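For what it's worth, my numbering labels the leading residue of the sequence shown as 4, then goes sequentially.
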Amino acid sequence: MSRTIGDVQNEVLDFLQSGRAFADPGAVDHVQTHCAHIFLCGDAALKIKRAVRYDYLDQSTPDLRHALLYRELSLNKPTAPMIYRDVVPITRSSDGGLEMNGAGSAVEWALRMNRFSADCEMTEVAASGRLTDPVAAALGQAVQQFHAKCPALQDQGDDLIRDILDELGRVLTPLAAGVGGGLVDAFLDRSRQHLSTLTPVLRDRSALGHVKRVHGDLHLRNLLLIDGRPVLFDALEFDERLATCDVLYDTAFLLMDLCHRGLVRQANIAMTAYLLAAKGAEDAGLSALPFFLSVRAAIRAMVLLQTDQVTGRDGASAEEVRLYLKQAASFLETERPILIAIGGFSGTGKTVLSRDLAPKIGPCPGAVHLRTDTERKSAQGHVDYAPPVRGAIYDRMFARAATLLVAGRSVVLDGTFLDEAQRVAAVELAAQMGVAFHGLWLTAPERVLIERVTSRVGDASDADAEVVRAQLASAGKGAQRQNWVMIDASGSMQMTRFKTSVALEGRLGPEARQRMVL
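Right, dumping it as structure tokens:
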């Protein structure tokens, strides 16, 4: 009696669930996605592809599934060699049963991996509160370093996104009634309008080499934290065209996922770190980021619906699907960018305050935080506080700020701003860009400043007590800063945040004021 494809795969699933496929049989955990089955036992993991066919994916034959597993291995082993091992056949034994890598004919193929602890999964890292500021910054940096090594391709960025919107329309439209609220139609209509507006931007980015063969599925479930280092794995392998996109569209999946989980601060820090690692080369592309975030949210909605269908749980994710589609619409809402500058002597808490404010300014993931200390190290690899060097770094920071403001993204500038010319330049930059400017000048007694700078550990600033004394001597302890709001930052950071919120009250638009609640 002949076996159907479904019969054979069900037999394989039973075999893997039994534990007999593993070197040390034991209890087996079974994880399902819309594309795969993963079986976990001891320190090993085996993954097989589902025998399914979607509009964008064909895994309907053993040969296709075999090829996709090899592609998955080749894509992921370079970034996660500690996980990926090899592809092995599941074969028919002489007694008609199944075995791993036997002499009989292959009926299915499995990707063999080393199992990692659930604590390493970035979703668990986030849920347990371990996705700290340094981890978020490392995430952004790791993604940019990965993108820097990806091959640039000649595909047109607008055509690639247009194909994705068409696919979303085909899959989501028949399901729109079950989702409700007109959410699907609203997303599709607005996203197509935005694509039309952004087409010249996306084509320019394609010509400049920003379209590459990237990860393609870069949300938290496909990221790990191993030995304190972010690790990318499970890259999209089934469609080279889907995995070819603008690098910011790839990054947008991570940022969207963080925002969806309420981790807006981490999304902001990851975005800022990514842009810093790119040395400003991606700043102009942020005009497309809201659109990219919106499309990524809609894709997650589609995947949830498909996963519910193939696992027999229709409607189980309906509420989260609606949330994703509401977020997809909210990402496309526009808000006038603003420029905030935070100055003061070293040790006043400028960077801590800037890092707190940036996620709350403008749409998720917030404003870009530009800091003179990190700009200086990015350019030179070390900190030099000499006036000529300081002037060049401010010029660099202002140039980046101008690009970001043109792209529609608010900016928080973080520096001492000791020279009047630099303070004037910040005000003039806002005027030239046609955006509102808010200058905050933090103050604290010399004793407090020196205590703070001498207690720093692992900070980008190398300012010490000697630097603080030199700053005070050259600028004057009681100097007033015209057009800047003076804030006493000598107390706790909580008090400084409160004073800042009061100082900015009435100076920002209603959306920004709502996010400024500290």
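Backbone N, C-alpha and C define an ideal beta-carbon position, used for all residues, glycine too.
It should be emphasised that the depicted structure is a prediction, and the values quoted were computed from it without experimental measurement.
Top-ranked residue by Cα proximity to residue i, from the options
| i | options | result |
| --- | --- | --- |
| R358 | L221, H372 and S290 | H372 |
| G107 | V91, M116, V456 and L114 | V91 |
| I453 | A155, E469, Y59 and R53 | E469 |
| P3 | M103, D237 and L43 | In this structure the chain extends from 4 to 521, so residue 3 is not present and cannot be described. |
| G369 | D192, V174, R412 and F440 | R412 |
| K282 | Q148, A434, V138 and G22 | Q148 |
| T310 | A300, D10, F18 and T36 | T36 |
| A332 | E111, R268, V128 and A301 | A301 |
| G418 | S320, A189 and G350 | G350 |
| M125 | D230, P84, D98 and G172 | D230 |
| L198 | L507, S297 and Q144 | S297 |
| Y87 | M116, L60, K215 and T176 | M116 |
| Y277 | Q435, M400 and G143 | G143 |
| D89 | A395, L49, V110 and S194 | L49 |
| A270 | A141, V182 and D158 | A141 |
| S493 | D398, C367, G347 and A476 | G347 |
| W524 | A139, A70 and G100 | The first residue shown for the chain is 4 and the last is 521, placing residue 524 beyond what the model contains. |
| K353 | A506, F295, L416 and P203 | L416 |
| G394 | L421, V414, V409 and T406 | L421 |
| Y57 | R399, F241 and R455 | F241 |
| Q522 | R455, I51, L205 and G29 | Since the first and last residues shown for the chain are 4 and 521, residue 522 lies out of range. |
| D17 | I93, M85, D27 and Y59 | I93 |
| A304 | G318, Y327 and L507 | Y327 |
Assigned secondary structure, residue i (DSSP; H/G/I helix, E/B strand, else coil)
| i | result |
| --- | --- |
| I93 | strand |
| C262 | helix |
| L278 | helix |
| Q20 | helix |
| Q12 | helix |
| P65 | helix |
| H40 | strand |
| K80 | coil |
| F241 | coil |
| V214 | strand |
| D166 | helix |
| R316 | coil |
| V55 | coil |
| G481 | At G481, the pLDDT of 44 sits below 50, so the modelled position is not reliable; the number obtained from the coordinates is stated separately. It is coil, neither helix nor strand. |
| L221 | coil |
Residue i burial status per 10 Å Cβ neighbour count (16 or more: buried)
| i | result |
| --- | --- |
| T377 | buried |
| R403 | buried |
| G212 | exposed |
| N79 | buried |
| N486 | exposed |
| M496 | exposed |
| G219 | buried |
| Q330 | buried |
| G437 | exposed |
| T247 | buried |
| V34 | exposed |
| P293 | buried |
| T337 | exposed |
| T314 | exposed |
| E431 | exposed |
| P154 | exposed |
| A482 | The predicted model places A482 with a pLDDT of 47, which falls under 50 and marks its position as unreliable; any figure quoted below should be read in that light. When all chains shown are included, A482 counts as exposed. |
| N225 | buried |
| V234 | buried |
Continuous beta strand (DSSP E) stretch holding residue i: start and end
| i | result |
| --- | --- |
| G442 | A439 to T446 |
| A47 | A47 to K52 |
| Q157 | Here Q157 belongs to no beta strand (DSSP E), and DSSP marks it neither H nor E. |
| L416 | V414 to D417 |
| V234 | R232 to L235 |
| D491 | W487 to D491 |
| L178 | Taken as a continuous stretch (DSSP letters only), L178 belongs to no beta strand (DSSP E), as it is neither H nor E. |
| L228 | L226 to I229 |
Limits of the unbroken alpha helix (DSSP H) element including residue i
| i | result |
| --- | --- |
| T247 | That residue, T247, is in no alpha helix (DSSP H); its beta strand (DSSP E) goes T247 to D249. |
| V430 | E423 to M436 |
| F294 | L292 to V313 |
| D188 | L186 to A210 |
| V451 | E449 to T457 |
| V31 | Counting along the chain, V31 falls outside any alpha helix (DSSP H), and DSSP gives it neither H nor E. |
| L507 | M496 to L507 |
| V471 | A468 to A478 |
Contact test: residue i Cβ vs the ligand ADP heavy atom, cutoff 6 Å
| i | result |
| --- | --- |
| L452 | As for the ligand ADP, it is missing from this structure, which has no ligand bound. |
(Q) Which runs of the beta strand (DSSP E) at least 3 residues long sit entirely within the region 323-411? Give them in chain order. (A) 341-347 and 371-374
Q. What are the uninterrupted segments assigned as beta strand (DSSP E) that are 3 or more residues long and contained completely in the region 83-148, given in chain order?
A. 87-95, 101-103 and 109-117
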